[in-house]
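Quick note on numbering: the sequence shown equals residues 18 to 356 in this note's numbering.
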Amino acid sequence: MYRWYTICICILELLLMTYIFCYHFQLDDPLTQLKEDSKWINLFDFHWRLGIDGLSIGPILLTGFITTLATLAAWPVTRNPRFFYFLMLAMYSGQIGSFSSRDLLLFFIMWELELIPVYLLLSMWGGKKRLYSATKFILCTAGGSIFLLIGVLGMGLYGSNEPTLDLEKLANQSYPAALEIIFYFGFLIAYAVKSPMIPLHTWLPDTHGEAHYSTCMLLAGILLKMGAYGLIRINMELLAHAHSRFSPWLVIVGIIQIIYAASTSLGQRNLKKRIAYSSVSHMGFIIIGIGSITGMGLNGAILQILSHGLISAELFFLGGTSCDRILFFISKRWAGYLS
Numbered sequence: 018m019y020r021w022y023t024i025c026i027c028i029l030e031l032l033l034m035t036y037i038f039c040y041h042f043q044l045d046d047p048l049t050q051l052k053e054d055s056k057w058i059n060l061f062d063f064h065w066r067l068g069i070d071g072l073s074i075g076p077i078l079l080t081g082f083i084t085t086l087a088t089l090a091a092w093p094v095t096r097n098p099r100f101f102y103f104l105m106l107a108m109y110s111g112q113i114g115s116f117s118s119r120d121l122l123l124f125f126i127m128w129e130l131e132l133i134p135v136y137l138l139l140s141m142w143g144g145k146k147r148l149y150s151a152t153k154f155i156l157c158t159a160g161g162s163i164f165l166l167i168g169v170l171g172m173g174l175y176g177s178n179e180p181t182l183d184l185e186k187l188a189n190q191s192y193p194a195a196l197e198i199i200f201y202f203g204f205l206i207a208y209a210v211k212s213p214m215i216p217l218h219t220w221l222p223d224t225h226g227e228a229h230y231s232t233c234m235l236l237a238g239i240l241l242k243m244g245a246y247g248l249i250r251i252n253m254e255l256l257a258h259a260h261s262r263f264s265p266w267l268v269i270v271g272i273i274q275i276i277y278a279a280s281t282s283l284g285q286r287n288l289k290k291r292i293a294y295s296s297v298s299h300m301g302f303i304i305i306g307i308g309s310i311t312g313m314g315l316n317g318a319i320l321q322i323l324s325h326g327l328i329s330a331e332l333f334f335l336g337g338t339s340c341d342r343i344l345f346f347i348s349k350r351w352a353g354y355l356s
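Laid out in structure tokens, this is it:
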């Protein structure tokens with residue numbers, strides 16, 4: 018029952034998103050569309066502010082497709098399926114909210130919303146070392162989130178009697194060079210953990226190695242892309258001067274990451290860890306595109322976000338279902354011998 022309920026929700030939402038983007042989204046309009054703005058907290062000027070533009074439409078559709086595929090991949094899960102699918106839908110909500118939020122504090126809340134479901138999915142339905150991997154994941158990501166929160170509050174409270182967290186207003190805000198670099202570096206640490214960038218990538222192979230492959234699909238296909246999306250949405254758009262200074266270093270890190278992760282992937286015996294290291298290598302191409310500060314490089318980074326999201330999720334889907342089939346065949350065969 019819970020399986021069918023979750024799958025129907027995911028399919029229905031994917032169809033609704035596809036319909037809205039096909040018939041109500043203007044591809045030639047560079048401005049934010051499909052806006053929603055409601056005030057939450059009067060004291061801090063906190064708004065439920067959502068909107069879609071050309072940068073966020075691709076990751077949102079990608080999230081809908083991969084989550085639907087992951088619910089199908091989770092069909093063999095039999096232990097507490099009600100809570101399992103609830104966590105998948107909660108993670109889905111946080112990811113959609115991160116890609117569509119137009120308020121900096123709302124972006125942070127949605128960013129954090131999908132961390133707890135991942136921790137629970139890993140710690141309850143993972144492998145033998147699931148508690149170690151889940152603890153490592155939550156400590157690394159929570160540590161990066163501290164820098165993200167400091168940056169969000171710093172940008173929202175800076176230089177005005179009326180604090181604002183609206184991304185459109187913050188895009189016109191100027192900062193002293195030193196302060197802008199501090200903001201940029203704080204956001205960069207948070208995104209470097211989530212993307213991940215070397216040397217902050219060590220949580221990813223352990224997490225993929227122990228997680229159920231449906232969870233791996235959500236991690237590799239969507240969660241890693243949130244770091245790259247934040248790097249474009251906030252660091253490039255709101256902190257452009259600091260980004261021009263950091264961009265050569267991003268290119269260097271991306272090149273090293275491609276070579277290191279690809280070579281390390283070849284030595285892995287665990288299939289999920291091999292795919293995890295290949296994901297780290299592919300993220301290096303995205304980092305290079307973001308650091309290139311060119312239109313072609315940025316378009317290539319966005320294309321790589323979408324293509325790698327599909328490729329990595331399908332690799333985990335095929336690998337996981339194949340392993341399930343092989344184990345099922347072996348168990349049936351041994352059962353026949355024993356009988």
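Even glycine gets a Cβ: it sits at the ideal position worked out from N, Cα and C.
Grab the span of the alpha helix (DSSP H) containing residue i for me, first residue to last.
i    : result
E227 : W220 to E227
A357 : Here the chain comprises residues numbered 18 to 356, so residue 357 is not present and cannot be evaluated.
E30  : Y19 to Y40
L104 : P98 to S117
P76  : G71 to A90
L240 : Taken as a continuous stretch (DSSP letters only), L240 belongs to no alpha helix (DSSP H), as it is neither H nor E.
A151 : R147 to L174
R291 : L288 to G308
V135 : L132 to W142
M234 : Y230 to L235
Could you pull the DSSP bridge partners for residue i from this structure?
i    : result
I269 : The partner list for I269 (beta bridge, DSSP) is empty, contrary to what the question assumes.
R66  : D54
D120 : D183
Please work out which residues of its chain come closer than 8 Å, Cβ to Cβ, to residue i, disregarding the five sequence neighbours upstream and downstream, and give them in chain order.
i    : result
G75  : I319, I322 and L323
I26  : L106
H258 : A194 and E197
E254 : L184 and A188
A245 : Y208, S212, M300, I303, I304, I307, A318 and I322
L256 : Y192, E197, F200, Y201 and F204
A279 : Y294, S295 and S298
Take residue i and list the residues in its own chain whose beta-carbon comes closer than 6 Å to its own, dropping the five residues that flank it on each side.
i    : result
F302 : Q321
K56  : H64
I155 : Y136
L184 : R119
G314 : G306
A151 : Y136, L139 and S140
L217 : A209 and V210
T35  : none
S231 : A87, A90 and A91
F100 : none
A293 : L221, P222 and H225
I371 : Limits of the chain in this structure are 18 at one end and 356 at the other, which puts residue 371 out of reach.
G144 : E227
I126 : none
L182 : D120, L121, L122 and G173
G68  : T49, K52 and R119
I104 : The question names Ile, but residue 104 in the sequence shown is Leu. Hits under 6 Å: P134, L137 and L138.
R66  : D54, R119 and D120
Which residues in the same chain have their Cβ closer than 7 Å to the Cβ of residue i, if we skip the five residues on either side of it in sequence?
i    : result
L355 : Per-residue confidence for L355 stands at a pLDDT of 48, beneath the threshold of 50, marking its modelled position as unreliable; the derived number appears in the next sentence. Excluding positions up to five away in sequence, the list is empty.
L89  : I24
T158 : L132, V210 and K211
L288 : G336
M108 : E131, P134, V135 and L235
L283 : none
Taking residue i as the reference, give the member of the options with the closest Cα.
i    : options                   : result
I276 : M253, I155 and M300       : M300
D70  : Q43, K56, R96 and I83     : Q43
T338 : I304, H229 and I28        : H229
T308 : S296, H260, H64 and F125  : Rather than Thr, the amino acid found at residue 308 in this sequence is Gly. The residue with the shortest Cα to Cα distance from G308 is H260.
F82  : G68, G326 and I343        : G326
T281 : A194, L267, S296 and V135 : S296
T49  : H64, L72 and Y36          : L72
L29  : N59, L78 and I58          : L78
W266 : A237, I310, A279 and K290 : I310
Y19  : N97, A195, L148 and G314  : N97
L335 : R66, L51, L86 and T35     : L86
E331 : Q285, I273 and L236       : L236
R147 : G171, P47 and G226        : G226
T80  : S264, R291 and L241       : L241
I239 : F263, I251, I328 and A279 : I328
L170 : G160, F124 and M243       : F124
M243 : T95, Y149 and L130        : L130
I215 : Q274, C233 and I249       : Q274
Between residue i and the ligand GDP, is there a pair consisting of the residue's CB and a ligand heavy atom that are separated by less than 7 Å?
i    : result
L335 : This structure lacks the ligand GDP, and indeed carries no ligand of any kind.
- Does the stretch 137-151 come close enough to the stretch 170-188 that 3 or more CB-CB pairs lie under 8 Å? Not touching, per the Cβ criterion.
- Task: Inspect the CB distances between the stretch 203-216 and the stretch 104-124 and report whether three or more fall short of 8 Å.
- Result: No, they do not touch.
- Task: Evaluate contact between the stretch 217-229 and the stretch 184-191, counting only Cβ atoms and requiring at least three cross-stretch pairs below 8 Å.
- Result: Taking a contact to require three or more Cβ pairs closer than 8 Å, the stretch 217-229 and the stretch 184-191 do not qualify as touching.
- Query: Are at least three pairs of beta-carbons, each pair with one atom in the stretch 195-206 and one in the stretch 161-171, less than 8 Å apart?
  - Reply: Flag = yes, the stretch 195-206 and the stretch 161-171 touch.
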